[in-house]
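A short write-up of the structure that comes next.
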Amino acid sequence: MAPDQYYPSDMNTRLEESFRAADEAREDLSDSVTNSVAANCDLLHHGLISSQGFEVTTEMYRHLLSRLLRHPSGEVRAQALALFNESMEQFWPKRRPDAPSANG
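Read in order, the letters of the sequence shown correspond to residues 6 to 109 in the working numbering.
Shown next as C-alpha cells:
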C-alpha cells in the first residue's frame, strides 16, 4: 500500500491551513502580550511618579539602567544599550549637519 493511501487527499492542504491558523494565533497572542506589557509599564510609571515623585522615580530609572548596562551578560548589556540609544534618538534626535540650528 502506498503512503498516500493512508491519508485523505486534502491532508496537506488541511495541515497547511492548520499551521497558518496556528501562526496567526501566535502573532495575535504576541501582539496582545506586547500591548499588555506596554500598558502595564505606563501604569507602573504613572503609579511610581504619583506615589514617590518624579525625582525618586528618575533616580530609580537611573539605577535600573546602570544595573542593566553593567549586567554580567554581554547580550543583556548590548540589548539595553541598543534600546537606550533608540530611545535617545526618538526623544532627542541627532541634528543633521544641514539642519538649521535653533539659535538662528
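Glycine included, every Cβ here is placed at the ideal spot set by N, Cα and C.
All values reported here derive from a predicted model rather than from experimental measurement.
Could you compute how far the alpha carbon of Glu60 sits from the alpha carbon of Asp36? Cα to Cα, the separation comes out at about 33 Å.
Assuming Leu88 contacts Leu74 under a Cβ cut-off of 8 Å, what Cβ separation, rounded to an integer in Å, is found between them? No, Leu88 and Leu74 are not in contact; Cβ-Cβ is about 11 Å, not under 8 Å.
Which class does His76 belong to by DSSP, given the choice of helix, strand or coil? DSSP places His76 in coil when its eight states are reduced to three.
With a CB to CB cut of under 8 Å and the five nearest residues on each side skipped, what residues in its chain are close to Arg31? The answer is none, since no qualifying residue turns up.
Taking only runs of the alpha helix (DSSP H) that begin and end inside the region 26–81, which ones reach a length of at least 4 residues, in chain order? Within the region 26–81, the complete alpha helix (DSSP H) segments of 4 residues or longer fall at 59–74, listed in chain order.
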